[in-house]
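Residue numbers (my numbering), protein chains in the order written: chain A, 2 to 235; chain B, 275 to 1078. Quick reminder that beta carbons are idealized off the backbone N, C-alpha and C, glycines included.
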């Protein structure tokens, strides 16, 4: 029996200004199980990134309920949300979001520095080395991000996302800032990670990469278009 | 023009969105510029503006110097005969004026008010172009030695003492037993030359002949008197003469005559006289010039700190406007147009600040006139004038250009053009980390140094204000009587009658025959056995004095009524003098050469506003003493009018010279310390406020630059406290450097000026310095925390989106 990692029930998101209400998401129901590889795609402004932000606890929903590994995380405080993000979620951003002043090692180690278990330096070193080996960048451990290519930077970001053993990787347009060759390399890494058991949820508008996922979710105007492959939360 | 108005409108709309920024800039610059403009106008009035008298550049004051046989200046005041000789014999001045200032009671008025008097020769009125509201000034009929008993009132005296009555010229007034006919009233617009000091305002003008210098003193060639003043208008035909030549001519005129007059006095052998002229303007400004320069330095220092802090806010603001400026650049705004955009916003802010400054100037002028009117001359002439308007305009333009150029310098126009395409990578607006750290360190160093100096001065002043005086001031009034010249026995009888009258009054609890507790004279005493000489402060008191003032007698006994009556050869000393006389034993029984014996020791009192306690002694007061202390029952107020009624009941010739409560004396003496305490406290708070603003500006900018990093860290699990800790840790180095620099600056200051500063700075102040550093560190932490609130108090997506 599959285990639900992420479970969204009737999630809605409204952006309000003084004069206007925009319904970015409307009654989103979605379950992502352990080991899934889900792609979310759709036209610009359909709510892909908003949905990913809510799934990653970077933003809060306006309505509905959200569960991570069966725990209701809808109304967590900012600090509790940070703790859940650190322990359960690994992020990969379109623009890599590496910290320029830190070395590759320190960038990758960053989630462990904020981890509730406060791992010691030896543990951190071991985990960082393992993760960099997974993305074939252990030889660049002392470099600064600006000494790496775009593809290498994104692979460092993948290593950082993996280092705290998250339950799921949330990936936002991972190839958006890369050339096609580097993009392919990054997608290969993600594919291998999923095959090794890592749960991945990826936002992309590139149909080629969306097809690499085993489950495809199409969003349009804040609503999931029905698809036989989608698991809808009941 | 249309574009200029459009840019101003845009600037207004943009600033409307940033009320805290606007408030910070406008309030800081408004207050600072207001203070600066106030002081600049004061400096203009005192140092540059011509005196409001005709031919003011030809007006001179003459100083009379008495030079001892050791070639030291023994006195800087005229002797009466020398002054008269100069007045009668000189020919350098086409007009000359004699003036003598004093105070007396107008006994012909029911309230018997004390008034400030100026005895002047007739040309005073024409020399200073005195404007009359009624009647005339003194003329030839009041020339020296004419003894014409007439009087001229100041406008305020007319209004306040004579109710502004139209028939005042038909009235007479009586002072010191003489009756004077009122012949004129000066106009309200008349500006009195402050010849007798800044605080002296003449209320009544009397002819020179009636000045209060006694007939005996008028003939003494060796006794100088600080109340004698000479002012002359240099004859046009001598205007080419150098000051040195004028001084030589005048000196020769007076000195030759003086030498022949004192030839028979051995004391004045090898003594000499020198006359020194000063332009009237520099004579009037005198020591005030130093005060004005000090105020100017203070105001410029404040402007410097304010500008440094506001510059930081502008840096931060420019970073915030990056997107707006980038869009302008993207749609074709040229570098110059972007600068004009910045110029419009900065100009608008500076304009509002200058408008606020005008209100501050208005308040500042009133405050200066109220608080410093007694210390600085010509302060009555302060007003918003063309000078203050011109300087305001100049500052408006200068500050607008400087702040706009600073913002423009930060902008890399090329990078700005590409900002919109680079997803936040790279910025068109940059200040390096090194510069940011230097700004933080310098800010902290300045703030710590200034706050510490102000806190030390505040501590010193507040200790003076709050120090226990060692005597009672509540419900006690000090009274000085103006007594007619009668023989001593009759005077004693009248005073005794007055004391009985006062003691019978239901509001009066006790009466002591003594001067106010802080009034002492200096006397020389010689010990009878050791022949050691002591110069000590002494005063005469009666047997009621110590009980009334609750000044404790700690050894021996008080004066008895018999001691006072018999004028016994006894004295009471304070504990400081007692310790000096008998360091290891009792001073009771100690005798002086004049036969006086110490019978008691009292606790020392603190003179309000002074730290040092000196040796003092008390001796029996004469029963004819014209000074009283009146203690009132709790909750009762014995008024001046009631005092006058009591006086008149005893004898209509008795009048009241002064009537002041001990609390009023105390407050007068503490005024300077209280002003220092308030000023330093306000400056310390202002410095903290300005530094807080400055640090906020830098750190807000720094936080904006790190927005992406902060968002990323929070996305991967950093909590709010982690981010705050990170930013504080990153800025700790700059903070420590700033604190260290301030410590070094204070140390250098102390080592360089240890003689002057040893009274203020010592090791005991180390905890205070630590406290100051703690306050600055707390302020810095707050300045770190506040800009981060926009990130850590909102969902992470706000930081991440902002960085994109």
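Of all the CB atoms in chain A, is at least one closer than 8 angstroms to the CB of residue i?
i, result
"residue 982 (chain B)", "yes"
"residue 1074 (chain B)", "yes"
"residue 700 (chain B)", "Confidence at residue 700 (chain B) is low in this model, with a pLDDT of 46, below 50, so its placement is unreliable and no value can be given for it."
Run down chain B in chain order and give the residues with a C-beta less than 7 angstroms from the C-beta of residue i.
i, result
"residue 83 (chain A)", "988, 991, 992, 993"
"residue 54 (chain A)", "1071"
"residue 87 (chain A)", "990, 991"
Whose Cβ in chain A lies nearer than 9 angstroms to the Cβ of residue i?
i, result
"residue 996 (chain B)", "83, 114, 115"
"residue 1062 (chain B)", "Result: empty, since nearest Cβ-Cβ is about 13 angstroms, beyond 9 angstroms."
Could you tell me which chain A residues have their CB closer than 7 angstroms to the CB of residue i, listed as they occur along the chain?
i, result
"residue 1070 (chain B)", "59"
Using a cut-off of 8 angstroms between C-beta atoms, extract the partners of residue i located in chain A.
i, result
"residue 973 (chain B)", "Within chain A, no residue comes near residue 973 (chain B); the closest Cβ sits about 17 angstroms away, beyond 8 angstroms."
Is there a C-beta anywhere in chain E that falls below 8 angstroms from the one on residue i?
i, result
"residue 122 (chain A)", "Of the protein chains in the structure, A and B, none is chain E."
What does the Cβ neighbour count give for residue i, buried or exposed, with the cut at 16 atoms within 10 Å?
i, result
"residue 828 (chain B)", "exposed"
"residue 637 (chain B)", "exposed"
"residue 324 (chain B)", "exposed"
"residue 1044 (chain B)", "exposed"
"residue 869 (chain B)", "exposed"
"residue 556 (chain B)", "exposed"
"residue 773 (chain B)", "buried"
"residue 468 (chain B)", "buried"
"residue 598 (chain B)", "exposed"
"residue 518 (chain B)", "exposed"
"residue 899 (chain B)", "buried"
"residue 434 (chain B)", "exposed"
"residue 350 (chain B)", "exposed"
"residue 551 (chain B)", "buried"
"residue 428 (chain B)", "buried"
"residue 947 (chain B)", "buried"
"residue 235 (chain A)", "Low local confidence applies: a pLDDT of 42 at residue 235 (chain A) is under 50, so the model's placement there is unreliable, with the coordinate-based value given in what follows. That one is exposed."
"residue 968 (chain B)", "buried"
"residue 233 (chain B)", "Residue numbering for chain B in the displayed model covers 275 to 1078; residue 233 (chain B) lies beyond these limits and cannot be assessed."
"residue 573 (chain B)", "buried"
"residue 182 (chain A)", "exposed"
"residue 54 (chain A)", "buried"
Answer with yes or no whether the minimum CB distance from residue i to chain B is below 8 angstroms.
i, result
"residue 80 (chain A)", "yes"
"residue 301 (chain A)", "The requested residue 301 (chain A) does not occur in the structure, where chain A is confined to residues 2 to 235."
"residue 64 (chain A)", "no"
"residue 133 (chain A)", "no"
"residue 100 (chain A)", "yes"
"residue 183 (chain A)", "no"
"residue 45 (chain A)", "no"
"residue 128 (chain A)", "no"
"residue 218 (chain A)", "no"
"residue 4 (chain A)", "no"
Can you pull the chain B residues whose beta carbon is under 9 angstroms from the beta carbon of residue i, in chain order?
i, result
"residue 150 (chain A)", "By Cβ distance, chain B contributes nothing, its closest Cβ being about 15 angstroms from residue 150 (chain A), past 9 angstroms."
"residue 111 (chain A)", "986, 987, 990, 991, 992"
"residue 161 (chain A)", "990"
Determine the chain B residues that contact residue i at a beta-carbon separation under 8 angstroms, and present them in chain order.
i, result
"residue 92 (chain A)", "989, 990"
Checklist entry - Residues in the segment 6-21 of chain A with C-beta within 8 angstroms of chain B's C-beta atoms, listed in sequence order? => result none
Checklist entry - Counting pairs of beta carbons, one from the segment 3-10 of chain A and one from the segment 68-75 of chain A, are three or more of them closer than 8 angstroms? => result yes
Next on the checklist: Would the segment 540-551 of chain B count as touching the segment 281-298 of chain B if we require 3 or more Cβ pairs under 8 angstroms?
Outcome noted: no
Next on the checklist: With a threshold of 8 angstroms, are at least 3 pairs of Cβ atoms found where one atom belongs to the segment 24-39 of chain A and the other to the segment 157-167 of chain A?
Outcome noted: no
Next on the checklist: Would you call the segment 304-322 of chain B in contact with the segment 563-578 of chain B, where contact means no fewer than 3 C-beta pairs closer than 8 angstroms?
Outcome noted: yes
Item to check | the segment 298-317 of chain B touching the segment 513-532 of chain B, judged by at least three CB pairs closer than 8 angstroms | outcome: no
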